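Numbering (this note's numbering), first residue to last: 1085 to 1341.
This is the structure we're talking about:
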């Protein structure tokens, strides 16, 4: 929605948001990074963005699962900004179980998003914070075979039950449709690597923010995994932009093509 006169941003139907004059280079770079997300309006609000933080050798954690902290504090602030700008934040069962996250906007100003936990086989404990802290609504997405158990745990209004595909994965286009029917149209897929990769593999990511830290982990847990290319001509080469994020580099990848 266009902001009122006197605000930092101005809106035009042709060009989207623009930053008013007088801001320093750091603010202008932040605006340039977030403008594609800020411009999502009306019929164009159906959009899914993801973030992954990784090492120079493509790992999101050590082989033992230690990910604190691959990226610097600026990456954490950016993650909270994305939460605040989206209708819902999506995480997989492993992230919800291992990190027991709050998925709120504690480090920035802005509303908490609806929290969506992908847990086909109900691996996440019923007393996880996202289900009990009351900080924001939480939806549980499960295999339709476990619908009754999930609804008994949380209530029918908090459960989205889907029939897995032949590969055993939840059909993410159907999930996006189910969330849109609840008014949740701009989605942020926060993690982990498997969940982000599944969104990419099923063609359900419009944008990926890949934050690379100047560290080498060695034989750690892999980050983004997409369709294997046998020749470089087959490799995915999306349009990209790069931004400095403290000591890290953020690759903004446009995956709509």
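In this text, a Cβ means the ideal position worked out from N, Cα and C, and glycines have one as well. What you are looking at is a predicted structure, and each value in this text was computed from that prediction instead of being measured.
>> At the 8 angstroms Cβ level, is residue 1149 part of the contact set with chain C, yes or no?
In response: In the structure shown, chain C cannot be found, because there is only a single protein chain.
> Can you tell me whether DSSP reads residue 1071 as helix, strand or coil?
Replying inline: Residue 1071 lies beyond the range of the chain shown here (1085 to 1341); nothing can be said about it.
> How would you write the range of the alpha helix (DSSP H) that residue 1268 sits in, first residue to last?
Replying inline: Going by DSSP, residue 1268 is part of no alpha helix (DSSP H) at all; its letter is neither H nor E.
> Taking the DSSP output, what are the residues bridged to residue 1095?
Replying inline: BP columns for residue 1095 point to 1101.
> Sorted by chain position, which residues of the same chain lie with C-beta nearer than 8 angstroms to residue 1111's C-beta, five sequence neighbours on each side aside?
Replying inline: The beta carbon of residue 1111 is closer than 8 angstroms to those of 1103 in its chain, skipping five residues each way along the sequence.
> How close, in whole Å, do the beta carbons of residue 1189 and residue 1283 come, if the pair is a contact with beta carbons under 8 angstroms?
Replying inline: Not a contact, Cβ separation roughly 22 angstroms.
>> Count Cβ pairs between the region 1154-1174 and the region 1195-1212 that sit closer than 8 angstroms; are there 3 or more?
In response: By the Cβ rule, the region 1154-1174 counts as touching the region 1195-1212, because three or more pairs are nearer than 8 angstroms.
> At what residues does the beta strand (DSSP E) containing residue 1230 begin and finish?
Replying inline: Counting along the chain, residue 1230 falls outside any beta strand (DSSP E), and DSSP gives it neither H nor E.
> If you compare alpha carbons, which of 1130, 1115, 1096, 1248 is closest to residue 1291?
Replying inline: Ranking 1130, 1115, 1096, 1248 by Cα distance to residue 1291 puts 1130 first.
> Mind checking residue 1293: buried by the 16 CB within 10 Å criterion, or exposed?
Replying inline: Residue 1293 should be labelled buried.
> By Cβ distance below 8 angstroms, which residues in the same chain neighbour residue 1306 in space, the five residues on each side in sequence not counted?
Replying inline: Excluding positions up to five away in sequence, the list reads 1142, 1143, 1144, 1277.
>> Going by C-alpha to C-alpha distance, which of 1184, 1161, 1213 sits closest to residue 1194?
In response: Measuring from the Cα of residue 1194, the nearest candidate turns out to be 1161.
>> On a Cα-Cα basis, can you pick out the residue from 1127, 1204, 1091 that is closest to residue 1369?
In response: Here the chain comprises residues numbered 1085 to 1341, so residue 1369 is not present and cannot be evaluated.
>> With distance defined between alpha-carbon atoms, name the residue in 1322, 1163, 1255 nearest to residue 1341.
In response: Checking every option, the nearest Cα to that of residue 1341 belongs to 1322.
>> If I follow the unbroken beta strand (DSSP E) through residue 1327, where does it start and stop?
In response: Its beta strand (DSSP E) spans residues 1324-1329.
> Name the DSSP bridge partner or partners of residue 1061?
Replying inline: The question about residue 1061 has no answer here: the residues shown for the chain are numbered 1085 through 1341.
> Under three-state DSSP, which class holds residue 1321?
Replying inline: Here DSSP, grouped into helix, strand and coil, assigns residue 1321 to coil.
>> Tell me which residues share the same chain as residue 1088 and place their Cβ nearer than 8 angstroms to its Cβ, disregarding the 5 neighbours each side in the sequence.
In response: Reliability of the predicted coordinates at residue 1088 is poor, the pLDDT of 45 falling under 50, and the value obtained from them is presented with this limitation in mind. Excluding residues within five positions, none has a Cβ falling inside 8 angstroms.
>> Suppose only complete runs of 4+ residues qualify. What are the alpha helix (DSSP H) ranges in the region 1134-1192, listed by chain order?
In response: You should have 1157-1169, 1177-1183.
> With residue 1244 and residue 1225 assumed to form a contact (beta carbons below 8 angstroms), what rounded beta-carbon distance in angstroms separates them?
Replying inline: About 5 angstroms; that satisfies the 8 angstroms criterion.
>> Output needed for residue 1072: all residues of its chain with C-beta closer than 8 angstroms, excluding positions within five of it in sequence on either side, in chain order.
In response: Beyond the ends of the chain as shown, which are 1085 and 1341, falls residue 1072; an answer cannot be given.
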